[in-house]
Amino acid sequence: MKHICPVCGYDELQQAPYDADGNESYEICHCCGFEFGFDDIHDGHTFESYRNKWVSAGATWFYEQSKPEVWDLNQQLKKIERIQPMYIPFWKTKDTPKWIETGKILASNSTDKVPCPECGNHFLMVQDVPIMYANKIERIISCPACFAKNMILMPYNS
Ligand SMILES: [Zn+2]
Ligand SMILES: [Zn+2]
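Residue 1 is where the sequence shown starts when you use full-length UniProt numbering, and the numbers rise one by one after that.
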């Protein structure tokens, strides 16, 4: 089964970008060049921030050989809409399962008061970043006390 890139909508990823336990694939998208586990966790990019950077730099293919003869960026970006809700652990910890639980709570109700699973010293903050090309948001969950940060890619209307 092929997977869709949450940055550019390329639908030939060999692996899911993150598995159910939050492990990254380290696969590099042939189209936008995003590496799951590096550009996010190491470089701190959200999908939206990387996408903006990539599109404004001309949206060039990372691996030109994979580019279809007929290619439409906007059509491809619309495929992001088909991605199931996805939990992205930006902040690698031994408590990833706890973060995934936390993410599920805050995916269904962004105003819930949930303590930071990392430090326990503060309630988590939620910020929604709409994805312009698809009916999705990136819900960024962060702790103002210890700066832990995680993210959920989810439908706009939930
Ligand atoms: Zn991509
Ligand atoms: Zn914290």
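Backbone N, C-alpha and C define an ideal beta-carbon position, used for all residues, glycine too.
Per DSSP, which residues does R128 bridge with? Please list them. The amino acid at residue 128 is misidentified as Arg; the sequence shows Asp. Note: D128 sits in a beta bridge opposite R139.
Pocket of ligand 1 (residues with CB nearer than 6 Å to any heavy atom), chain order: C5, V7, C8, Y10, C29, C31, C32, F34
Beta carbon of E118: closer than 7 Å to some heavy atom of ligand 2? yes
Every unbroken beta strand (DSSP E) within the stretch 37 to 125, with a cutoff of 3 residues, ordered by chain: List check, beta strand (DSSP E) in window: 86 to 88.
Have a look at M132 and C31 and give me their C-alpha separation to the nearest angstrom. 19 Å
Cβ pair F123, V114 closer than 8 Å: It is a contact, given that the beta carbons lie within the stated cut-off.
By how many angstroms is the C-alpha of G103 removed from the C-alpha of T96? Cα to Cα, T96 sits roughly 10 Å from G103.
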